[in-house]
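J.: At position 219 of the sequence shown (counting the first as 1) the number is 257 in the numbering used here, and the numbers step up by one without a gap.
Backbone N, C-alpha and C fix where the C-beta goes; we use that ideal spot for every residue, glycine too.
Remember, it's a predicted structure, so these values are computed and weren't measured experimentally.
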Amino acid sequence: MKTERDGDGVLEGETRSCESLGLLSKMHQENQNVMNSLLFSFRKLWAFTGPGFLMSIAYLDPGNIESDLQSGARAGFKLLWVLLGATIIGLLLQRLAARLGVVTGMHLAEVCNRHYPTVPRIILWLMVELAIIGSDMQEVIGCAIALNLLSVGRIPLWAGVLITIIDTFVFLFLDKYGLRKLEAFFGFLITIMALSFGYEYVRVAPDQAEVLKGMFVPYCSGCGPTQLEQAVGIVGAVIMPHNIYLHSALVKSRDINRANKKEVKEANKYYFIESSIALFISFLINVFVVAVFAEAFYGKTNMEVSLQCNETGSAHSELFPANNETLEVDIYKGGVVLGCFFGPAALYIWAIGILAAGQSSTMTGTYSGQFVMEGFLNLRWSRFARVLLTRSIAIFPTLLVAVFQDVQHLTGMNDFLNVLQSMQLPFALIPILTFTSLTSLMNDFANGLVWKIGGGLLILVVCAINMYFVVVYVTALNSTVLYVFSALLSIAYLSFVCYLVWRCLIALGVSRLDFRGSVQYPPTVLMDEQPEFDS
């Protein structure tokens with residue numbers, strides 16, 4: 039019996055030893071997984087690189103460039119901190135968009151389709167389509183102006199507008215060779231913008247101390263209503279509504295096992311790093327433009343510029359009346375004054391940068407439009423049909439202005455388009471906060487309390503700033519008919535925004551607002567299919 043007990047003791051000891059080894063092995067594996075998640079891999083970052091840079095194009099479109107140069111000319115370096123703050127806010131909002139796509143396997147338009155009733159869903163789709171068409175119109179304007187400057191006026195503006203039709207064929211040609219080729223082309227366009235506007239920065243040589251002071255000291259000494267409006271315009275130009283929808287779809291282009299929490303967490307990490315790098319580069323390019331016009335043209339009068347242009351024999355000196363009013367610039371006049379003060383090379387390189395900015399906008403707009411249409415309507419169009427529809431709608435009003443008006447009216451359309459896109463901002467920001475806060479949809483990756491409160495406050499501030507921008511623009515129209523029309527439109531607009539806010543608050547946990555229990559957010563089914571990208 040003793041021998042049996044000894045044998046049982048040995049067996050029991052061996053069993054315990056094996057269990058301990060198994061437990062140690064499991065703990066070691068868990069620790070290894072934790073270490074791997076903390077370690078950084080450039081190879082993995084490269085695999086996830088692409089969507090963030092496509093997204094960052096929206097921070098460099100002609101509307102943004104015009105806002106930058108006007109900021110420098112009107113306020114000097116004093117509003118660089120606003121640009122920095124707007125870019126950081128944009129990054130945080132893009133993080134939410136990327137997480138939604140990575141975690142659920144659905145982009146924002148698809149999620150809206152599943153969770154909003156039919157009528158709100160159709161209204162949302164129409165609002166986002168307006169933003170996309172507005173973005174495409176800015177691309178058309180930018181390209182037409184760039185071609186006019188590069189040809190020394192030989193290509194009239196209306197012809198430049200028509201030439202932008204070629205963009206559709208360039209896009210379709212590149213798209214046929216897969217997403218990675220298209221991402222490389224976007225990288226090429228960003229490089230052209232960096233070199234073009236970087237050349238202007240080096241040529242003008244702004245005061246570096248003033249640049250840093252303007253970037254990190256949140257103060258605007260001696261600023262008035264003009265500078266305040268410009269600060270609001272910066273925020274409105276930087277944060278684009280359709281870009282939230284686009285980014286949530288682009289992140290689906292990488293193969294991720296969404297049933298594996300570790301893989302999802304890793305994808306979120308690398309997408310955030312890539313987006314940070316992409317937006318840092320776009321921020322530097324925007325800083326180049328602001329600093330150039332702040333150093334060279336802040337405080338300049340029309341008389342000073344007119345005299346300089348006459349001395350250099352510029353063909354565009356008539357753009358600047360012989361008075362002592364402060365210089366007003368846009369993307370067209372910006373190129374002209376650079377040519378007058380720093381030589382023809384500065385003008386042509388500026389135009390090349392604007393052309394690159396314009397070319398990039400059309401492709402992001404096309405992708406956004408495709409995802410939005412498919413998501414909201416379950417309607418699949420070929421990219422050729424989608425590009426043709428968006429570009430046709432964008433070209434028609436732009437062509438009318440180009441034919442019957444002058445370049446000032448054409449560039450002035452950018453202000454209207456920025457206002458149009460500012461009005462659509464709540465229709466992207468409120469849904470993205472709503473759905474990334476739902477535990478039933480995002481599981482362990484749902485927004486925590488800090489993100490819910492912080493994200494809500496950020497969105498409230500951004501929407502308030504943009505609404506101020508819209509009000510300033512409308513009041514400057516000086517038309518009673520337009521005031522009445524705007525008031526009626528505002529009632530409908532604010533009613534729909536309040537509806538979205540109501541559903542958002544319920545998603546954030548304020549369940550008492552769901553009076554009838556009519557708001558239902560069913561649990562998500564993970565989607566592993568990829569969007570129609572070629573690899």
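#1: Which residues in the same chain have their Cβ closer than 6 Å to the Cβ of GLY372, if we skip the five residues on either side of it in sequence?
#2: So, at 8 Å on beta carbons, what are the nonlocal neighbours of GLU363 in its own chain, with the 5 sequence-adjacent residues on each side left out?
#3: Just verifying my parser: in three-state terms, what is the DSSP assignment at THR339?
#4: Cα separation between VAL242 and LEU121?
#5: Would you call the CB atoms of LEU393 and ALA184 closer than 7 Å?
#6: I'd like the ranges of any alpha helix (DSSP H) spanning at least 4 consecutive residues and lying wholly in the segment 283-347.
#7: For a quick check, are the C-beta atoms of SER291 and LEU217 less than 7 Å apart?
#8: Within the same chain, show all residues whose beta-carbon is closer than 6 Å to that of LEU538, passing over the 5 residues directly before and after it, in chain order.
#9: Let me know if ARG43 comes out buried or exposed under the rule of 16 or more other beta-carbons within 10 Å of its beta-carbon.
#10: Flag LEU188 as yes when its Cβ comes closer than 6 Å to any non-hydrogen atom of the ligand GTP, and as no otherwise.
#11: Is it buried or exposed, ASP213, if we count other Cβ atoms within 10 angstroms and call 16 or more buried?
#12: Is it the case that the segment 455-469 contacts the segment 503-510, given that we only count it when at least three CB pairs across the two stretches are under 8 Å?
#13: Closest by CA to LEU138, which one among VAL488, PHE523 and LEU479?
#14: Less than 8 Å between the CB atoms is what I'm expecting for ILE387 and LEU134, so what's the real figure, rounded?
#15: Go to GLY381, then tell me how far its alpha helix (DSSP H) extends in each direction, as first and last residue.
#16: List the residues that DSSP assigns as beta-bridge partners of THR400.
#17: Report buried or exposed for LEU515, applying the criterion of at least 16 other Cβ atoms within 10 angstroms of its Cβ.
#18: Taking a contact to mean a Cβ-Cβ separation below 7 Å, would you say GLU333 touches PRO435 in this structure?
#19: Any contact between the segment 305-325 and the segment 162-176? By contact I mean 3 or more CB pairs, one from each, below 8 Å.
#20: According to DSSP, is PHE553 helix, strand or coil?
#21: By Cβ distance, which residues of its chain are closer than 6 Å to THR105, with the 5 residues on each side in sequence left out?
#22: Across which residues does DSSP place THR364 in a beta bridge pair?
#23: Taking 7 Å as the threshold (C-beta atoms), are HIS145 and GLY413 in contact?
#24: Apply the 10 Å Cβ neighbour rule to GLU148 and answer buried if 16 or more other Cβ atoms are within range, or exposed otherwise.
#25: I'd like to check one pair, SER430 with ALA545: are the Cβ atoms closer than 7 Å?
#26: Along the chain, where does the alpha helix (DSSP H) that runs through PHE235 open and close?
#27: Buried or exposed: which applies to GLY547, given that a residue is buried once 16 or more other Cβ atoms fall within 10 Å of its Cβ?
#28: According to DSSP, is ARG541 part of a helix, a strand, or is it coil?
#29: How far does the alpha helix (DSSP H) with LYS490 in it extend, from its first residue to its last?
#30: Let me confirm a value: VAL522 is counted as buried when at least 16 other C-beta atoms fall within 10 Å, else exposed. Which label applies?
#31: Alpha carbon to alpha carbon, what distance is there between ILE497 and SER603?
#32: Less than 7 Å between the beta carbons of PHE86 and TYR309, yes or no?
#33: CA-CA distance, SER313 and SER355?
#34: For SER420, count neighbouring Cβ atoms within 10 angstroms of its own Cβ and tell me buried if that reaches 16, exposed if not.
#35: Near VAL375, what residues of its chain come up, given a Cβ to Cβ distance below 7 Å and the 5 sequence neighbours on each side ignored?
#36: If you measure between the beta carbons of PRO100 and GLY396, is that distance less than 7 Å?
T.: Result, derived from the coordinates:
#1: LEU107
#2: THR339 and ASN340
#3: strand
#4: 20 Å
#5: yes
#6: 299-335
#7: yes
#8: ILE468
#9: Because the pLDDT at ARG43 is just 47, under 50, the model does not fix this residue reliably, and the value given afterwards should be weighed accordingly. Burial call: exposed.
#10: By its list of ligands, the structure shown contains no ligand whatsoever, and the ligand GTP lies outside what it can speak to.
#11: buried
#12: yes
#13: LEU479
#14: Actually they are not in contact, since the Cβ atoms of ILE387 and LEU134 sit about 37 Å apart, beyond 8 Å.
#15: Neither: GLY381 is in no alpha helix (DSSP H) and is coded neither H nor E.
#16: Bridge partners of THR400: none, in fact.
#17: exposed
#18: no
#19: no
#20: coil
#21: Before going on, a small fix: residue 105 reads as Ser here, not Thr. Taken in chain order, the residues that qualify are GLY271, ILE272 and ALA275.
#22: THR339
#23: yes
#24: buried
#25: no
#26: 217-242
#27: exposed
#28: helix
#29: 487-513
#30: exposed
#31: Residue 603 lies beyond the range of the chain shown here (39 to 573); nothing can be said about it.
#32: yes
#33: 42 Å
#34: exposed
#35: PHE335, VAL343 and VAL367
#36: yes
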